[in-house]
Amino acid sequence: MVGALSSKKHMIFAAIVSLALGYLFLNSESDEEQIRSALRKVEALISYNKEYHPFEQLAKAKEVSRYCVKNCRVHVITTEEEREVVSDRDDVQQKMLFVYRAFDDFKVKASSIRIEVNGNNATVNLRGRATGVQKGQREQFLEEHDIVLEWVKRDDEWLVASARNETPLEMPATYND
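Per the numbering used here, residue 382 is the first one in the sequence shown, and the count goes up by one each step.
Structure representation (structure tokens):
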């Protein structure tokens, strides 16, 4: 009788482990899904339509920078030059604080997202759209750019290693809602 009870416990334990492993396997995100999820989270962190308290701005800026490798690089191509505007995670945080302080309203949205994963590296091509109202202004601006993001997987987490625009930046178009 004791052997039969022990055998039942083993079978129940095996069933629970099998169920848990099946759940993890069926619910684990692919690399592409993980990157898409990170993009959505960053969009939400960057976008806002209210003034944040300075401590909230700092917390959000730190959270955005958490999605970048320590030596993250951002290159901007304009009609006149190409330059590096971000050289590390701290720069990402500082640029985000600038955005929070410079705009009353700011939204970003990624579309036409194409992701190519190659081992622990990925290239993401997307169309980025930014809209907003600069502090003290009434006109809303609109900018759209084709952007390339290079991602690396570190400790099972996808992080941005570099970003650049594909076509030279021009002056933003303005429009009124």
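For every residue, glycine included, the Cβ atom is placed at its ideal position computed from N, Cα and C.
Is residue i near residue j, with beta carbons less than 8 angstroms apart?
i    : j    : result
Y448 : Y481 : no
V445 : L426 : yes
S412 : A542 : Sequence check: residue 412 is Asp here, not Ser. For D412 and A542, no; Cβs fall outside 8 angstroms.
V514 : D536 : no
K451 : R464 : no
According to DSSP, simplified to helix, strand and coil, what is residue i?
i    : result
Q518 : coil
R447 : coil
E413 : helix
S468 : coil
E463 : strand
E437 : helix
E547 : coil
L402 : Its pLDDT being 47, under 50, L402 is placed unreliably in this model, and the coordinates cannot settle the point.
From the options, pick the residue whose C-alpha is nearest to that of residue i; which is it?
i    : options                   : result
V473 : F487, R454, F522 and E463 : R454
H526 : V541, S543, W532 and A491 : A491
R508 : E520, R495, K534 and I458 : R495
N506 : F479, E547, Q518 and M477 : E547
P435 : S493, R519 and A483       : A483
Less than 7 angstroms between C-beta atoms, sequence neighbours within five positions excluded: which residues of the same chain meet that for residue i?
i    : result
N408 : Model confidence at N408 stands at a pLDDT of 43, short of 50, so the residue's coordinates are unreliable; what they give is reported in the following sentence. No residues qualify anywhere along the chain.
Spatial neighbours of residue i within its chain, please: CB distance less than 6 angstroms, with the 5 preceding and 5 following residues excluded, ordered by chain position.
i    : result
K488 : S428 and T512
R545 : H456 and V529
K441 : L426
W539 : Q415, I416, A419 and W532
N430 : D486
What residues are listed by DSSP as bridge partners for residue i?
i    : result
R508 : S492 and D527
Y429 : F487
L540 : V533
E497 : T504
Taking only beta-carbon atoms, is residue i less than 8 angstroms away from chain D?
i    : result
L507 : This model lacks chain D altogether; it includes just one protein chain.
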